[in-house]
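Note sheet for the following structure.
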Ligand SMILES: [Fe+2]
Ligand SMILES: [Fe+2]
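In my numbering, the protein residues as written are 16 to 410.
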């Protein structure tokens, strides 16, 4: 069947129709072509030379294209980069090559693509089958800080309670900032072949960006400046920001730190003196639960394949404890602020109740950490010990 381009120029889309007509042909087969565009044969001849096809002009203005082997040869050395659907067998490579680079997983990658230098290329280190589900959950659970929080709710707190809320929010902001930086750093090192993990880390960073926004807005809501930031708190967070190993950083940040923060945020939601504080803590806690779930999921799978990771992680907790031994841990202002918030009033009975509530919170945090450590594969005794060595700064 001859192809008639009518007056459509080869450089105006005609090339697409020529390629489409050539696709089903075998090498050596001919395509006859007609058209009235005055430049058609000039363009077609040049294109055939570049693509390795043979060109022949016929009397009367028609042309013949003899299909060459170059198109097939170009893709003959290409390789399929796994499979897009992670549930397929061998869809996710154990160690994807650097030359697959940014290609979509499952794409046919032409040979000669440039080598990238991603540091995290081992499936054992980063992958979890749960990433697929957790990403979908995270994408559907995104909330808008402008509308999800009752910013205009009418309330007025006693000065000291408002000051306590501002101090806690100030503390939360610096912790959330560490929680944003750590996954952001690793997302840039991760081989994009692990697409769902990449997406999950990116959306986790976006979650933290919202937490920083809403805690800042609550701190400033009544016209005050942010509260205190202590050297001890920053020293604790610096050990997270500086941790170069993905498994260790996830363990310290997501399992131990964010796990501890889950208890803190639900505590603040329960004792919140105003509806804005309650809402920001509830929404952040819901996001944190996913961050903890992913940390637990990929570390459980990693440990199952590499039991030698257990002592590496234990040592990381001990090392961090030693590094922070001479720092104050949780700043006294934050502790006092938590007591003030849960006491609500200043009678001795109220303060005693508030103080007890914060001590119960610290106990609950310890129990939660121990439980998670045991779920990861640590012995009960080691779980208890490591949990008690966790930073007093909570994160
Ligand atoms: Fe957060
Ligand atoms: Fe988080």
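We treat Cβ as the ideally placed atom computed from N, Cα and C, and that holds for glycine.
On a predicted model such as this, the values are computed, not experimentally measured, just so you know.
Other residues of its chain near residue i: CB distance less than 6 Å, five sequence neighbours each side excluded
| i | result |
| --- | --- |
| residue 360 | none |
| residue 181 | 234, 239 and 242 |
| residue 219 | 198 and 306 |
| residue 380 | 275 and 278 |
| residue 60 | 70 |
For residue i, the first and last residue of its enclosing alpha helix (DSSP H)
| i | result |
| --- | --- |
| residue 176 | 174 to 202 |
| residue 141 | 138 to 141 |
| residue 210 | 210 to 235 |
| residue 318 | 290 to 320 |
| residue 274 | 274 to 286 |
| residue 160 | 160 to 163 |
| residue 58 | 55 to 66 |
| residue 147 | 145 to 155 |
| residue 413 | This structure cannot settle anything about residue 413, because the visible part of the chain is limited to 16 through 410. |
Own chain residues within Cβ distance below 8 Å of residue i, not counting five before or after
| i | result |
| --- | --- |
| residue 204 | 133, 134, 135 and 261 |
| residue 77 | 17, 47, 48 and 49 |
| residue 267 | 254, 255, 258, 331, 332 and 335 |
| residue 54 | 24, 25 and 26 |
| residue 167 | none |
| residue 150 | 211, 214, 215 and 218 |
| residue 32 | 18, 20 and 23 |
| residue 82 | 37, 40, 41, 42, 43, 44, 45, 46 and 68 |
Which of helix, strand or coil DSSP assigns to residue i
| i | result |
| --- | --- |
| residue 108 | coil |
| residue 205 | strand |
| residue 9 | Residue 9 is absent from the model: the chain starts at 16 and stops at 410. |
| residue 245 | coil |
| residue 71 | strand |
| residue 23 | coil |
| residue 94 | strand |
| residue 40 | coil |
| residue 391 | helix |
| residue 339 | coil |
| residue 18 | strand |
| residue 135 | strand |
| residue 123 | strand |
| residue 385 | helix |
| residue 326 | helix |
| residue 408 | coil |
| residue 100 | coil |
| residue 166 | coil |
| residue 396 | helix |
| residue 28 | coil |
| residue 239 | coil |
| residue 87 | helix |
| residue 347 | helix |
| residue 374 | helix |
| residue 268 | helix |
Terminal residues of the beta strand (DSSP E) in which residue i lies
| i | result |
| --- | --- |
| residue 81 | 78 to 81 |
| residue 46 | 45 to 49 |
Cβ shell of residue i (< 7 Å), same chain only, five flanking positions each side left out
| i | result |
| --- | --- |
| residue 192 | 227 |
| residue 274 | 307, 383, 384 and 387 |
| residue 118 | 96 and 124 |
| residue 165 | 290, 291 and 294 |
| residue 329 | 397 and 401 |
| residue 280 | 296, 299, 300 and 303 |
| residue 250 | 339 and 342 |
| residue 152 | 305 |
Min CB distance residue i to chain C below 9 Å
| i | result |
| --- | --- |
| residue 131 | The displayed structure is made up of one protein chain only, and chain C is not part of it. |
Proximity test, residue i beta-carbon vs ligand 1 heavy atom, cut-off 8 Å
| i | result |
| --- | --- |
| residue 299 | yes |
| residue 133 | no |
| residue 194 | yes |
| residue 282 | no |
| residue 276 | yes |
| residue 336 | no |
| residue 109 | no |
| residue 223 | yes |
Residue i: CB within 8 Å of a non-hydrogen atom of ligand 2
| i | result |
| --- | --- |
| residue 302 | yes |
| residue 199 | no |
| residue 219 | yes |
| residue 189 | no |
| residue 206 | no |
| residue 313 | no |
| residue 375 | no |
Check: residue i C-beta below 8 Å from any heavy atom of ligand 3
| i | result |
| --- | --- |
| residue 273 | This structure simply doesn't include ligand 3; it includes ligand 1 and ligand 2 instead. |
Report task. May I ask you to verify whether the stretch 242 to 254 touches the stretch 166 to 186, counting CB pairs closer than 8 Å and requiring at least 3? Result -> With the cut-off at 8 Å, the stretch 242 to 254 and the stretch 166 to 186 touch.
Query raised in the report: Is the stretch 387 to 395 touching the stretch 211 to 220 in the sense that three or more CB pairs, one from each, lie closer than 8 Å?
Result: Cβ pair count under 8 Å is below three, so no.
Query raised in the report: Do the stretch 310 to 330 and the stretch 267 to 280 meet, that is, are 3 or more Cβ pairs less than 8 Å apart?
Result: The stretch 267 to 280 and the stretch 310 to 330 touch, with three or more beta-carbon pairs separated by less than 8 Å.
**Report entry** contact_flag[the stretch 273 to 289, the stretch 170 to 179] where n(CB pairs < 8 Å) is 3 or more
**Finding:** Result yes; three or more Cβ-Cβ pairs closer than 8 Å.
Query - Inter-stretch contact (C-beta, 8 Å, three-pair minimum) for the stretch 367 to 376 and the stretch 291 to 303 - result: No, because fewer than three Cβ pairs between the stretch 367 to 376 and the stretch 291 to 303 fall closer than 8 Å, the two stretches do not touch.
**Report entry** At least 3 beta-carbon pairs within less than 8 Å: the stretch 88 to 107 vs the stretch 117 to 125
**Finding:** The stretch 88 to 107 makes contact with the stretch 117 to 125; the number of CB pairs closer than 8 Å reaches 3 or more.
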